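If you're matching them up, the sequences are chains A and B in order.
With our numbering applied, the first sequence covers 1119 to 1458.
With our numbering applied, the second sequence covers 1119 to 1458.
Cβ atoms here follow ideal geometry from the backbone N, Cα and C, with glycine treated the same way.
Predicted model only: the values in this text are computed from it and were never measured.
Worksheet: one structure, shown below.
There are 2 protein chains.
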Amino acid sequence: MPLPPTIAWSNDGTAVRIIDQRQLPASEVILELTTVADVCDAIANLAVRGAPAIGIAGAMGLVVAARSIDASSREGFLAALRDAAMLLRRTRPTAVNLPWALDRMLASAAATQGEPADISERLREEADRIAEEDRTMCRRIGECGASLIRGAARVLTHCNAGALATGGIGTALAPLYVAAERGQHVEVFVDETRPLLQGSRLTAWELSRAGIPVTVLTDGAAASLMRAGRIDLCIVGADRIAANGDVANKVGTYALAVAARHHGIPFYVAAPASTFDAATATGSDMVIEHRSGEEVTHTFGVVTAPEGVSIHNPAFDITPSALITAIISDTGIHSPPFAF
Amino acid sequence: MPLPPTIAWSNDGTAVRIIDQRQLPASEVILELTTVADVCDAIANLAVRGAPAIGIAGAMGLVVAARSIDASSREGFLAALRDAAMLLRRTRPTAVNLPWALDRMLASAAATQGEPADISERLREEADRIAEEDRTMCRRIGECGASLIRGAARVLTHCNAGALATGGIGTALAPLYVAAERGQHVEVFVDETRPLLQGSRLTAWELSRAGIPVTVLTDGAAASLMRAGRIDLCIVGADRIAANGDVANKVGTYALAVAARHHGIPFYVAAPASTFDAATATGSDMVIEHRSGEEVTHTFGVVTAPEGVSIHNPAFDITPSALITAIISDTGIHSPPFAF
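This is the structure:
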């Protein structure tokens, strides 16, 4: 069964259409986002998530915003556009793709001559270009990464860096899709990825839709699976990569990297070049988003921790570059020492 | 607020009274188990859990069973008792305390002269002795282990090896309770411990009841907390310890031990001597219980994985003795090389 697109324009082209990832795998609900506030909510609440996908969502959100700006002057229009970009930018602080896409959209607007209507038209083209580039980027990552998968392979991944996180076939999952297309036997083990279970809910869903064998495990079970010799390699995505190669990705990634090193298992990060953040020297310069403790205390509506206890709920962690075998990107395979 | 006893006799002495740990922390429900089938269900379904506690539950379950045996001869009675012990023994395969307690009860029955009524009376005394020894054992572990906690300490633990897992103040948590009694500042970080969240549901509940500061985190967040220098030591429990010191404990323990080693953080295991299994040479000789995939696919009633995917859901993992700093027991602090 083909996957519905993660993010696309509605049929009449006025709304951003997404599959509500909070409701997967139980229900496939399509949302149509018609205002910039809708898009902000969808990003902040993880109805759409994954660094590349939220970059596309931000760009498309700015197109939606542009349509509703009531400004007669070019300057007033651009100022209102910057305000809308600021709202979108604040929804998630860690991924670099979102500010990257918004800055690119704003620069494109500023460089466009003419009236607000001309700029709006240009913004729509730029957002479509960002989405199209994302599809191409995913395919390139897939082709680069597939060269690292030899014969049959048992691959461990974490969270979701797949089709649902991008406009294409994913980042971490792209090499697996390409290897499977080429007829290689790929078996994927996926951490469920607490607290929001994007591994079990999303990665397992999209891989099984694609006919790739997938086994879900709790996050705590991955290291013992490595010890049992049942994992050949790990591939994860990234939300931001510092100049030195330190990687911010979903919390739990670092624990996997430590375990992979302990067992001598290759640990790959797959991410588009837009994730490289040359302005950030190392992982310790990155802002890590801490999310509501309710994600831990109220697990899918059930009380799972007593009232009043402290909760430590970072959304991401930093994996130092020393634990990374290679970074697979649309610009090729980067080996240590990294310098982006 | 004092903790209700984890396991005790009902007021009239005929039923095994437990706090239903599946319903914590949302509700404090007391169950009265009046038949051996009730006790088997409670153990198998984790209404009572924790290696020492299920040893006590097994012993008390055999007392309940003995009362309902309708046998005129001593031999018939003992045979029926062995059958009941077999039912209890099959409920959980990994912890050694359950067969240990059952074997001790059966040996005590076999060694008792007289009629079934005399043997029943003797079984009741033996079960009470096992429970009382457990309380004493916990206190000793607490006192031994507290000597390893110097001044203020930030301690990471996994799952629940506390009062709720024993007849006393716990095993892994006992040193923390004793250090807190002595006025030391102990701060506990607890992995929520998927899939059944005994860390967030049970450990956080009992520690916060006791006034000890506790912070809950997802299992994947522990390694990055270590990297941030926020953990001084780890203490976990054990369900079975092989002759060479390899430890079977809740899945995820091994990942923590690997991370602790990577960061140079002491990793302690606290367990009663009844957990030492001299008949099992190494961890690879242990049977690891695999539990229903529904614990992962249906998280507290919500569908959290697509239908038809494979689930890897071991309840335990093996931590090799090489990663263990010391084993804290009621018989003292055991340092490597271990030989039990």
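key: Spatial neighbours of Asn1163 of chain A in its chain, beta-carbon cut-off 8 Å, leaving aside the 5 residues before and after   = Arg1140
ask   = So which residues on chain A does Tyr1372 of chain B lean against when the C-beta distance must stay under 8 Å?
value = Ala1341, Ser1342, Arg1345
Spatial neighbours of Thr1400 of chain B in its chain, beta-carbon cut-off 6 Å, leaving aside the 5 residues before and after = Ala1360, Asn1362, Asp1364
message = For chain B, check one thing: does any of its Cβ atoms lie closer than 8 Å to the Cβ of Ala1428 of chain A?
response = In the sequence as presented, Ala is not what sits at residue 1428 of chain A; that position holds Ser. At a cut-off of 8 Å, the C-beta of Ser1428 of chain A has a neighbouring C-beta in chain B.
Counterpart residues of Thr1437 of chain A in DSSP-defined beta bridges = Answer is A:Val1365.
message = Nearest by alpha-carbon distance to Cys1277 of chain A: which of A:Glu1243, A:His1381, A:Arg1167 is it?
response = A:Arg1167
query = What does His1380 of chain A touch in chain B if you count any residue whose Cβ is under 8 Å from its own?
reply = Val1376, Arg1379, His1380
query = Is there a Cβ from chain B that is less than 8 Å from the Cβ of Asp1138 of chain A?
reply = no
request  = Give the straight-line distance between the Cα atoms of Asp1236 of chain A and Glu1261 of chain A, rounded to the nearest whole angstrom.
outcome  = 38 Å
inquiry  = Just verifying my parser: in three-state terms, what is the DSSP assignment at Gly1176 of chain B?
reply    = Residue state, collapsed to three classes: helix.
task = Quick one: residues in its chain with C-beta nearer than 6 Å to the C-beta of Val1147 of chain A, no 5 flanking neighbours on either side, listed in chain order?
result = Asp1138, Gln1141
task = Report buried or exposed for Asp1448 of chain A, applying the criterion of at least 16 other Cβ atoms within 10 angstroms of its Cβ.
result = buried
task = Measure the Cβ-Cβ separation of Pro1390 of chain A and Thr1321 of chain A and say whether it is below 8 Å.
result = no
task = Look at the alpha carbon of Ala1281 of chain A and the alpha carbon of Gly1173 of chain A, and state the distance between them as a whole number of angstroms.
result = 14 Å
Proximity winner among A:Asp1159, A:Ile1259, A:Ala1264, A:Met1223, relative to Asp1246 of chain A (alpha-carbon distances) = A:Met1223
key: C-beta neighbour in chain A for Pro1170 of chain B, strict 8 Å   = No - not a single Cβ of chain A is within 8 Å of the one on Pro1170 of chain B.
task = Could you tell me whether the Cβ atoms of Leu1325 of chain B and Leu1335 of chain B are closer together than 8 Å?
result = no
message = Bridge partners for Asp1395 of chain B per DSSP, in chain order?
response = B:Ala1360
inquiry  = Could you tell me the alpha carbon to alpha carbon distance between Ala1126 of chain B and Ile1259 of chain B, rounded to whole angstroms?
reply    = 21 Å
Of the listed residues B:Pro1454, B:Ser1318, B:Asp1435, B:Glu1407, nearest to Glu1413 of chain A (C-alpha basis) = Looking at the Cα atoms, B:Ser1318 is the closest of the given residues.
task = Specify, as a first and last residue, the run of the alpha helix (DSSP H) that Gly1194 of chain A falls within.
result = 1192-1207
ask   = Which residue comes first and which comes last in the alpha helix (DSSP H) that contains Glu1251 of chain B?
value = 1234-1264
ask   = Do you know how far the Cα of Ile1445 of chain A is from the Cα of Ser1226 of chain A?
value = 30 Å
task = Confirm, please, whether the CB-CB distance from Asp1337 of chain A to Glu1305 of chain A is below 8 Å.
result = No; because the gap between Cβ atoms is not below 8 Å, this pair is not in contact.
ask   = Is the stretch 1127-1135 of chain B touching the stretch 1143-1160 of chain B, taking contact as three or more C-beta pairs under 8 Å?
value = yes
query = Is Leu1274 of chain A close to chain B, meaning its C-beta is less than 8 Å from at least one C-beta of that chain?
reply = no
query = Using 8 Å as the threshold, is the stretch 1261-1274 of chain B in touch with the stretch 1344-1351 of chain B, meaning 3 or more CB pairs across them?
reply = Because the criterion of three Cβ pairs below 8 Å is met, the stretch 1261-1274 of chain B and the stretch 1344-1351 of chain B touch.
key: Residue closest to Arg1345 of chain A, alpha-carbon to alpha-carbon, out of A:Ile1330, A:Ala1377, A:Thr1333, A:Tyr1372   = Taking only the C-alpha atoms, the option nearest Arg1345 of chain A is A:Ala1377.
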